[in-house]
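Engineer: Sequence order for the protein chains is A and B.
Numbering-wise, our numbering comes out as the position in the first sequence, counting from 1, plus 695.
Numbering-wise, our numbering comes out as the position in the second sequence, counting from 1, plus 695.
Here it is, the structure, as structure tokens.
2 protein chains.
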Amino acid sequence: MAEMVNVAVDAMGGDNAPFEIVKGAVEAINEDKRVRVFLVGKEPVIREELKKYTYNEEQLEVVHAEEIIETGEPPVMAIRTKKNSSIVKALYLVKEGKCDAFVSAGSTGAVLVGGQVIVGRIRGVERPPLAPIIPNAGGVSLLLDCGANVDARPSQLLQFAKMGSIYMESVLGVRNPKVGLVNIGVEEEKGNALTKETYPLLQNCPEINFVGNVEARDIPEGVADVLVCEAFAGNIVLKMLEGVSGVLVKKIKAGMMSSLRSKIGALLVKPALKQTLKAFSTEEYGGAPLLGLNGLVVKTHGSSKAIEVRHSILQCIAFKEQNINEKIKEQIVLED
Amino acid sequence: MAEMVNVAVDAMGGDNAPFEIVKGAVEAINEDKRVRVFLVGKEPVIREELKKYTYNEEQLEVVHAEEIIETGEPPVMAIRTKKNSSIVKALYLVKEGKCDAFVSAGSTGAVLVGGQVIVGRIRGVERPPLAPIIPNAGGVSLLLDCGANVDARPSQLLQFAKMGSIYMESVLGVRNPKVGLVNIGVEEEKGNALTKETYPLLQNCPEINFVGNVEARDIPEGVADVLVCEAFAGNIVLKMLEGVSGVLVKKIKAGMMSSLRSKIGALLVKPALKQTLKAFSTEEYGGAPLLGLNGLVVKTHGSSKAIEVRHSILQCIAFKEQNINEKIKEQIVLED
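Structure, rendered in structure tokens:
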């Protein structure tokens, strides 16, 4: 039998903790025998939640953590002072090798800072990118970096491209993933200083399938599987995707309610529409991995429900079984 | 009687030239007696098009231009060498004071470069921003800069905020327009070096109504009337808006065609939906002004139809009658 994949889960993080988190964790272990979940947080609260479910007890442990890091807290200070928080204790489980991965819907800042400070970077990785999976017309793309550190260097973007390609190929099963550089025009000479310097690095990298510059207009069409950019740009891409979808769907729904005729039509199109919109929601896909750490750290939406928590836990299986970090180490060492 | 507003129009620019351009020009003069249009381009072609319409001949002149600048041409070279192009000749009409404004659906690069080189900047204006009007949930916002020059300085972003506020208030009639700084978080300390340095400049500027940082997610909600950013970020905002809307609408339409039930529903919701989507299309609003020049230069979509050309021409009336450039001069001189 293959080794178990041990996943630490922040039971106290996110808007719907602990209910949806515990539910998602139970769903994950009930779905896949290879996963063991360590629910980290206030033990009495977690135990109370767990009473609602039946599951294989060998696949679940509870690790008590007295404190909670709130979303608004300054991340560096929180990681430093709240040693008994669910995030810090869970990250130590990864650092000490008891867990392979950590999943949290809690404070993005604390997860990013804690991941780097406690779990630590793979040697040679300059900056670990936060890489959400975003929907496009025909499937999904990996967008990196969307983290907290802006103004990346070209060498960092090259590493993002390599790590993103490995993740897309090994975890999401996209063969020879197309790598695009997010830019303001498709021509090689377009862009700012960063993209102009990064372009030749990507073009001359034999480990990736570089398809050139990608304009934001073409991102939703799915012209690239791996979208490389620094975090300020990545943040705008991600949040415009969420914002435009949200407003458009709201407006369409309101439009459909504007007359009796359209109200009747709305009832008829509703099931088909729901299906379509579900496929285009950023919440339908597992969490965003923070790549390049000595272990896997996955950040899911603060508003995550059980389904996203479950997806996030299950994606850790492929991450371990496909030896993602070994592959990253090989490619990063190769370049030194 | 008030003075006429003279608008030079590039009859040869854009995907639908000359047909839609000439049509839009005729519609504009038929709609408003205050406008005189100078159609610049190949005279025989323009005259042939004009035969289709009836209009007041005193409101229309044709200015012959033998050459055309194509979209793919390097802008600086094109402006320098094609002296007899419609773009260059039209820009000279503005420079020489024969026209107040220039409207083109042609090469964005050539219009931007030509506007600066031929018409010239207002004294004190560091960089003229291209400022498209974008739809939001409740109305429109002005997004600047979306031009070709990236990596702006904080002082330039401050000028964008002032010029954008004047335009929004005087041309679009938004009183005391809310100015937002496009950023990756709402807190003052968030962002990159540029936004961090720009924030206090905007906060301490008495001429504008600064509402703080704006996350991309909230842009489509319409949290600010004037959105300030450098051109790389602005380009991503604009093109994600276009791209996400386009893909989502396509997917919704396809979803509606997926079953007989939803097809019938689609027929019923179609009129209401069309209305909704029209309000959220970037093509429904006039062109993007290039602000801060000694005259008004307006760039409309390359795919512009008559309606957008008409809107673009008519928005020049308010620009002149409201003395936008006088107001810009006052505020820019004030700061020196």
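Note that the Cβ used here is the ideal one computed from N, Cα and C, for glycine as well.
Rounded to a whole number of angstroms, what is the C-alpha to C-alpha distance between residue 866/B and residue 698/B?
Structural biologist: If you number the second sequence from 1, residue 866/B lands on position 171. If you number the second sequence from 1, residue 698/B lands on position 3. So the alpha carbons of these two residues sit roughly 18 Å apart.
Engineer: Against residue 989/B, what residues of chain A qualify as contacts under a CB-to-CB distance less than 8 Å, listed in chain order?
Structural biologist: Numbered from its first residue, the second sequence carries residue 989/B at position 294. Chain A residues near residue 989/B: none, gap ~27 Å exceeds 8 Å.
Engineer: Going along chain B, which residues have a C-beta under 8 Å from residue 937/A?
Structural biologist: For the purposes of this step, residue 937/A is identified with residue 242 of the first sequence, where counting begins at 1. Neighbours of residue 937/A on chain B, chain order: 912.
Engineer: To the nearest angstrom, how far is the alpha carbon of residue 934/B from that of residue 864/B?
Structural biologist: Reading the second sequence from its first residue, position 239 is the one you call residue 934/B. Reading the second sequence from its first residue, position 169 is the one you call residue 864/B. Rounded to the nearest whole angstrom, the C-alpha separation of residue 934/B and residue 864/B is 25 Å.
Engineer: Under the assumption that residue 760/B contacts residue 736/B (Cβ atoms under 8 Å), give the Cβ distance between them as a whole number of angstroms.
Structural biologist: Position 65 of the second sequence, counted from the first residue, corresponds to residue 760/B. Position 41 of the second sequence, counted from the first residue, corresponds to residue 736/B. Rounded, the Cβ-Cβ distance is 5 Å, consistent with contact.
Engineer: Tell me the rounded alpha-carbon separation between residue 787/A and residue 996/A.
Structural biologist: In the first sequence, the residue the question calls residue 787/A occupies position 92. In the first sequence, the residue the question calls residue 996/A occupies position 301. The straight-line gap from Cα to Cα measures roughly 22 Å.
Engineer: Let me see if you follow: with CB-CB separation under 7 Å, is residue 967/A close to chain B or not?
Structural biologist: As a first step, residue 967/A is located in the first sequence; it is residue number 272 there, counting from the start. Yes, its Cβ sits closer than 7 Å to a Cβ of chain B.
Engineer: Between the region 959-968 of chain A and the region 951-970 of chain B, do at least 3 Cβ pairs fall closer than 8 Å?
Structural biologist: yes
Engineer: Would you mind working out which of 853/A, 991/A, 983/A and 781/A sits nearest residue 817/A, comparing C-alpha positions?
Structural biologist: The residue given as residue 817/A occupies position 122 in the first sequence. Answer by Cα proximity: 991/A.
Engineer: State the Cα-Cα distance for the pair residue 812/B and residue 820/B, rounded to the nearest angstrom.
Structural biologist: Translated into positions along the second sequence, residue 812/B becomes position 117. Translated into positions along the second sequence, residue 820/B becomes position 125. Rounded to whole angstroms, residue 812/B to residue 820/B spans 14 Å at the Cα level.
Engineer: Please list the partners that residue 950/A has in chain B, where partner means a Cβ-to-Cβ separation under 7 Å.
Structural biologist: The sequence position of residue 950/A within the first sequence is 255, counting from 1. Simply 967, 968, 970 and 971.
Engineer: Indicate whether the contact test is met: 3 or more Cβ pairs, each with one atom in the region 713-730 of chain B and one in the region 1018-1029 of chain A, closer than 8 Å.
Structural biologist: no
Engineer: Within 10 angstroms of the Cβ of residue 955/A, are there 16 or more other Cβ atoms? Answer buried if so, exposed if not.
Structural biologist: Translated into positions along the first sequence, residue 955/A becomes position 260. Per the 10 Å Cβ criterion, exposed.
Engineer: Secondary structure at residue 878/A, three-state DSSP: helix, strand or coil?
Structural biologist: Along the first sequence, one-based indexing puts residue 878/A at 183. Of the three classes helix, strand and coil, the one that applies to residue 878/A here is strand, per DSSP.
Engineer: Look at the Cβ atom of residue 838/A, then the Cβ atom of residue 922/A, and state whether they are nearer than 7 Å.
Structural biologist: Residue numbering aside, residue 838/A sits at position 143 when the first sequence is read from its first letter. Residue numbering aside, residue 922/A sits at position 227 when the first sequence is read from its first letter. Their beta carbons are under 7 Å apart, which means residue 838/A touches residue 922/A by this criterion.
Engineer: Taking 7 Å as the CB-CB cut-off, is residue 942/A touching chain B?
Structural biologist: Counting from one through the first sequence, the residue named residue 942/A turns up at place 247. So yes, residue 942/A belongs to the interface.
Engineer: For residue 915/B, tell me which candidate among 894/A, 937/A, 909/A and 920/A has the shortest Cα-Cα distance.
Structural biologist: Counted from its first residue, the second sequence places residue 915/B at position 220. Closest in C-alpha terms to residue 915/B, from the list 894/A, 937/A, 909/A and 920/A, comes 937/A.
Engineer: Kindly say whether residue 930/A, judged by its beta-carbon, lies nearer than 7 Å to any beta-carbon of chain B.
Structural biologist: As a first step, residue 930/A must be located in the first sequence, where it is residue number 235. Taking Cβ atoms only, chain B reaches closer than 7 Å to residue 930/A, which makes this a yes.
Engineer: Check this for me: beta carbons of residue 713/A and residue 706/A, under 7 Å apart or not?
Structural biologist: Here the question's residue 713/A lines up with position 18 in the first sequence. Here the question's residue 706/A lines up with position 11 in the first sequence. Result yes, Cβ atoms of residue 713/A and residue 706/A sit closer than 7 Å.
Engineer: Which class does residue 759/A belong to by DSSP, given the choice of helix, strand or coil?
Structural biologist: Your numbering for residue 759/A matches position 64 in the first sequence. Note: residue 759/A maps to strand in three-state DSSP.
Engineer: Compare the beta carbon distance of residue 764/B and residue 723/B with 7 Å and say whether it is the shorter of the two.
Structural biologist: For the purposes of this step, residue 764/B is taken as the residue at position 69 of the second sequence. For the purposes of this step, residue 723/B is taken as the residue at position 28 of the second sequence. No, they are not a contact pair.
Engineer: With H, G and I counted as helix, E and B as strand and the rest as coil, what does DSSP make of residue 1015/B?
Structural biologist: As a working mapping, residue 1015/B is identified with position 320 in the second sequence. Helix, per DSSP.
Engineer: Residue 915/A CB to nearest chain B CB: under 7 Å?
Structural biologist: The residue labelled residue 915/A in the question sits at position 220 within the first sequence. With respect to chain B, the C-beta atom of residue 915/A has a partner C-beta closer than 7 Å.
Engineer: Just mark residue 754/B as buried or exposed, buried being the case when its beta carbon has 16 or more other beta carbons within 10 Å.
Structural biologist: Position 59 of the second sequence holds residue 754/B. Classification of residue 754/B: buried, given that the 10 Å Cβ count is 16 or more.
Engineer: Sort out for me which residues DSSP pairs residue 799/A with in a bridge.
Structural biologist: The sequence position of residue 799/A within the first sequence is 104, counting from 1. DSSP, once it has assigned bridges, lists 994/A as partnering residue 799/A.
Engineer: Using a C-beta cutoff of 7 Å, does residue 846/A count as contacting chain B?
Structural biologist: Locating residue 846/A in the first sequence gives position 151, counting from the first residue. By this cut-off, residue 846/A is an interface position.
Engineer: Can you pull the chain B neighbours of residue 887/A, defined as C-beta to C-beta under 7 Å?
Structural biologist: Counting from one through the first sequence, the residue named residue 887/A turns up at place 192. Those within 7 Å of residue 887/A in chain B are 845, 846 and 927.
Engineer: Do we get a CB-CB distance below 7 Å when we pair residue 998/A with the residues of chain B?
Structural biologist: Within the first sequence, numbered from 1, the residue matching residue 998/A stands at position 303. At a cut-off of 7 Å, the C-beta of residue 998/A has no neighbouring C-beta in chain B.
Engineer: Using the Cβ count rule (16 or more neighbours within 10 Å means buried), how would you classify residue 949/A?
Structural biologist: Your numbering for residue 949/A matches position 254 in the first sequence. With fewer than 16 other Cβ atoms within 10 Å, it is exposed.
Engineer: How close, in whole Å, do the beta carbons of residue 840/A and residue 925/A come, if the pair is a contact with beta carbons under 8 Å?
Structural biologist: Looking up residue 840/A in the first sequence gives position 145. Looking up residue 925/A in the first sequence gives position 230. Sure, about 6 Å apart at Cβ, within 8 Å.
Engineer: Where residue 887/B and residue 893/B are concerned, what is the direct C-alpha to C-alpha distance, given to the nearest angstrom?
Structural biologist: For the purposes of this step, residue 887/B is taken as residue 192 along the second sequence, with counting starting at 1. For the purposes of this step, residue 893/B is taken as residue 198 along the second sequence, with counting starting at 1. Going by the C-alpha atoms only, they are around 10 Å apart.
Engineer: Quick one: give me the first and last residue of the beta strand (DSSP E) that residue 703/B is part of.
Structural biologist: Mapped onto the second sequence, residue 703/B falls at position 8. 700-705 is the extent of the beta strand (DSSP E) around residue 703/B.
Engineer: Quick check: is the beta carbon of residue 828/A nearer than 7 Å to any beta carbon in chain B?
Structural biologist: In the first sequence, counting from the first residue as 1, residue 828/A sits at position 133. So no, residue 828/A is outside the interface.
Engineer: Keeping to the same chain, check which residues put their C-beta closer than 7 Å to that of residue 717/A; ignore five residues upstream and five downstream.
Structural biologist: For this step, residue 717/A is matched to residue 22 along the first sequence. Cβ within range, chain order: 706, 734, 741, 744 and 745.
Engineer: Which chain B residues are close to residue 773/A, counting only those with a beta carbon under 9 Å from its beta carbon?
Structural biologist: In the first sequence, the residue the question calls residue 773/A occupies position 78. Neighbours of residue 773/A on chain B: none; closest Cβ ~15 Å, over 9 Å.
Engineer: Do you know offhand how far residue 1014/A's Cα is from residue 779/A's?
Structural biologist: In the first sequence, residue 1014/A corresponds to position 319, counting from 1. In the first sequence, residue 779/A corresponds to position 84, counting from 1. Cα to Cα, residue 1014/A sits roughly 28 Å from residue 779/A.
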